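So the mapping is simple: the working numbering equals the position in the sequence shown, first residue as 1, plus 12.
First comes the structure, then the notes that go with it.
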Amino acid sequence: MNIPEGYTVKKIPNNISINTTDYEIAITYEVKANTIVYRKVFNFKEGIIKKNDLETAKKNFDTIKQLYAEQIVLIK
């Protein structure tokens with residue numbers, strides 16, 4: 013995302029990294045010059061989430077959902 017001229021970044025969402033036996037998830041936000049770089053990596057190791065890991069997975073995906081609700085704040 014390009015940062016408009018005359019604006020600066022006040023807040024970006026926190027980065028997140030989740031590593032389980034079933035999957036790895038990394039979501040990062042980085043300010044570089046006049047841009048905000050967003051990266052998302054989802055790596056499902058087996059292609060499935062085991063039944064006994066389902067509750068943990070639900071909590072992790074709720075955390076990701078909360079992250080997506082955060083806003084990028086620019087100030088002039």
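In this text, a Cβ means the ideal position worked out from N, Cα and C, and glycines have one as well.
Source: prediction; values computed, not measured.
Contact check, Phe54 vs Tyr41, beta carbons under 8 Å: no
Ile89 - containing alpha helix (DSSP H), residue span: Past the boundaries of the shown model lies residue 89; the chain is included only from 13 to 88, so the question cannot be answered.
Use the C-beta contact count for Ile24: other C-beta atoms within 10 angstroms, 16 or more gives buried, fewer gives exposed. buried
Neighbourhood of Ser29 by C-beta, 6 Å cutoff - its chain only, sequence neighbours within 5 removed: Ala38
Are the stretch 73-84 and the stretch 55-65 touching by the rule of at least three beta carbon pairs closer than 8 Å? no
Taking the straight line between their C-alpha atoms, what separation do you get for Met13 and Thr47? 5 Å
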